[in-house]
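Encoded as structure tokens, the structure appears first; notes follow it.
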DNA sequence: CAAATTCCCGCACAAAAACGCAGAAACACG
DNA sequence: CGTGTTTCTGCGTTTTTGTGCGGGAATTTG
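Chains as they are written, first to last, in the working numbering: chain A, 14 to 262; chain B, 14 to 262.
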């Protein structure tokens, strides 16, 4: 059998079944696995397939992408993300909400990090999935089309039955009197559950949202352990919060 | 034998068998392999054939090398999607697996349709989310990075506790003896649960996958209610399946 | 963390290709 | 017709290509 012929066969199999094993291909066409591996390498270099340990995958399969629209005040969010990441260490169980700040954090996670991320936000999940070493747990339930996260009693029940090491909340509004507030009733339920189920609660918020509030109450400031903004921790704007016992980063 | 004559013979052989070996041609017409090689060179330069190490291939052969980022046999999948959609009506609860065929169906759903789609496939969920009127239920659990779907006991338990009107399975391999088979253990568990939880099971499969099988068994043919391919329902290839009591669309 | 796969690297060997050459046949032309 | 030229072919020799194998490194998995 000619080399090109063999490669065409392999390509065909990959496209047909989305996944092939070097071992089974080797058995199929009676050549050594080494040869198969070399074929897979070449096909991968030509961009026809994706080589993985033990075989290959079809390209069309892993091609899940999300319309990444313009992010508001990106650079600030990047700074927040960096600070948040410094709180994460290997082996942690981490609950996250949705929101563009969280997304930015997800994108910036260091590749060596091994941790478990739990979320109901579709966009966040997509980012986590691209990471080589982290385990991703998706919280299921009905999807809210507004917020692109799963909401509902199932999701809340699922969150309540876990105990995460840390919880990162993308915060919409935070205020000394009203605490944390938001404008989507379903999202609020979710966030409340996440706060209850985490040892440590970290709020990510751009400074613009500090001292603002929204119609629906999530929780008192006392439930929050840490607040991260793009400002330096000694910025006067944040003073009242650290006075209130919140660690400001 | 004249040179032109010889080359005509070679060209004929290539077009007939899609492939020729220099060695066998040399034996056929009793000339040295060197001569054959020179002929193949010339024919290749004229664009009549494709020269490869050890022989030559016909053009139709490498024409299978479709652009790398396109979905394999997209037009067939579109036809399958259309047929599948004709089974859906307003108010239904619909379970779907993942796979590019399912994805194609998700993209083609008519905008007025009001139904509830349930899936653990991230890619499918993204499509469903774009639809204005359908309700989306996401099945949660650990995400398998290979297959981009949620897998694990939680997901299976969740599926088992529902009763969907209809279930669309993107099928990897279907065969009269082996029934439905697949190559990913975790995916198989999921699909089994989906079959059990649906009143009606519909397999979507491009004709190429008919009468093929993979290592892991999902279920017997008897569990399947309907089979959809891109072929007309009276195609002889499908006859055995309709004889086996499966409705072929 | 230990066992089992899978991968990677270098090597050996065989098959095929490239190259140069030479002889034979075909051709051109005065 | 003779001679020079071109084309075609086959034969060594050298390179290149394709493949399998062994052993050690790396990765996966229980």
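Backbone N, C-alpha and C define an ideal beta-carbon position, used for all residues, glycine too.
Consult DSSP for residue 230 of chain A and reduce its assignment to one of helix, strand or coil.
Residue state, collapsed to three classes: strand.
Do we get a CB-CB distance below 8 Å when we pair residue 48 of chain A with the residues of chain B?
So, not an interface residue.
Whose C-beta lies closer than 7 Å to the C-beta of residue 120 of chain B among residues of the same chain, with five residues either side of it excluded?
140
Residues in its own chain within less than 7 Å of residue 210 of chain A by CB, not counting five upstream and five downstream?
108, 172, 173, 175, 176, 177
Would residue 111 of chain A be called buried (16 or more neighbouring beta carbons within 10 Å of its own) or exposed?
buried
Do residue 182 of chain A and residue 217 of chain A come within 8 Å of each other at the CB atom, strictly closer than that value?
yes
Between which residues of its own chain and residue 152 of chain A is the CB-CB distance below 7 Å, once the five residues before and five after are set aside?
131, 132, 133, 163, 168, 171, 172
Taking residue 240 of chain A as the reference, give the member of A/260, A/51, A/225 with the closest Cα.
A/260
From B/235, B/223, B/16, B/201, pick the residue whose C-alpha is nearest to that of residue 248 of chain B; which is it?
B/223
Go through its chain and collect everything with a Cβ distance to residue 156 of chain B's Cβ below 6 Å, but skip five positions before and after it.
163
Of the residues B/213, B/215, B/160, B/116, which one's Cα is nearest the Cα of residue 196 of chain B?
Closest in C-alpha terms to residue 196 of chain B, from the list B/213, B/215, B/160, B/116, comes B/160.
Taking a cut of 7 Å between CB atoms, which residues from the segment 49 to 70 of chain B lie near chain A?
65, 66, 67, 68, 70
Do we get a CB-CB distance below 8 Å when we pair residue 154 of chain A with the residues of chain B?
By this cut-off, residue 154 of chain A is an interface position.
Compare the C-beta of residue 32 of chain B against all C-beta atoms of chain A and say whether one is closer than 8 Å.
At least one C-beta of chain A is nearer than 8 Å to the C-beta of residue 32 of chain B.
Going by other Cβ atoms of all chains shown within 10 Å of its Cβ, with 16 needed for buried, is residue 154 of chain B buried or exposed?
buried
Let me confirm a value: residue 235 of chain B is counted as buried when at least 16 other C-beta atoms fall within 10 Å, else exposed. Which label applies?
exposed
For residue 242 of chain B, which three-state DSSP category applies?
coil
Going by DSSP in three states, residue 168 of chain B sits in which element: helix, strand or coil?
helix
Per the DSSP calculation, residue 69 of chain B is bridged to which residue(s)?
B/33, B/64.
Applying a beta-carbon distance threshold of less than 8 Å, which residues of chain A neighbour residue 163 of chain B?
151, 153
Is residue 105 of chain B close to chain A, meaning its C-beta is less than 8 Å from at least one C-beta of that chain?
Taking Cβ atoms only, chain A never reaches closer than 8 Å to residue 105 of chain B, which makes this a no.
Using a Cβ-Cβ cut-off of less than 8 Å, list which residues of the segment 105 to 139 of chain B approach chain A; keep chain order.
112, 113, 133, 135, 136, 138, 139
For chain B, is any of its Cβ atoms less than 8 Å away from the one on residue 40 of chain A?
no
If we require 4 or more residues per run, which alpha helix (DSSP H) segments fall completely within the segment 81 to 157 of chain A?
87 to 98, 113 to 121, 135 to 143
Within its chain, find whatever has a CB closer than 7 Å to the CB of residue 232 of chain B; leave out the 5 residues flanking it on each side and keep chain order.
192, 193, 205, 208
Does DSSP put residue 187 of chain A in a helix, a strand or coil?
Note: residue 187 of chain A maps to strand in three-state DSSP.
Starting from residue 219 of chain A, trace the alpha helix (DSSP H) both ways and give me its first and last residue.
Counted as a single uninterrupted DSSP element, the stretch harbouring residue 219 of chain A is not any alpha helix (DSSP H), since DSSP gives it neither H nor E.
Can you give the Cα-Cα distance for residue 17 of chain A and residue 148 of chain A, rounded to whole angstroms?
Taking the CA atoms as reference points, residue 17 of chain A sits about 38 Å from residue 148 of chain A.
Determine the burial state of residue 125 of chain B: buried for a count of at least 16 other Cβ atoms within 10 Å of its Cβ, exposed for fewer.
exposed
Provide the residue span of the alpha helix (DSSP H) that contains residue 208 of chain B, from first to last.
From DSSP, the alpha helix (DSSP H) with residue 208 of chain B extends over 198 to 209.
Comparing the C-beta of residue 181 of chain B with each C-beta of chain A, is any distance below 8 Å?
no
Of the residues that make up the segment 214 to 232 of chain B, which ones have a beta carbon closer than 9 Å to any beta carbon in chain A?
Against chain A - using a Cβ distance shorter than 9 Å - the residues of the segment 214 to 232 of chain B are 219, 221, 222, 225, 227, 228.
Decide yes or no for the touch test of the segment 21 to 34 of chain A against the segment 57 to 73 of chain A: beta carbon pairs closer than 8 Å, at least 3 of them.
Under the 8 Å Cβ criterion, the segment 21 to 34 of chain A counts as touching the segment 57 to 73 of chain A, having at least three qualifying pairs.
Which residues in the same chain as residue 186 of chain A place their Cβ atom closer than 6 Å to its Cβ, once the five residues preceding and following it in sequence are excluded?
Excluding positions up to five away in sequence, the list reads 194, 222, 225, 226, 227.
Roughly how many whole angstroms lie between the Cα atoms of residue 88 of chain A and residue 137 of chain A?
In this structure, the straight-line span from the alpha carbon of residue 88 of chain A to that of residue 137 of chain A is close to 18 Å.
When you check each C-beta in the segment 14 to 26 of chain A against every C-beta of chain B, which residues fall closer than 8 Å?
15, 16, 17, 18, 21, 24, 25
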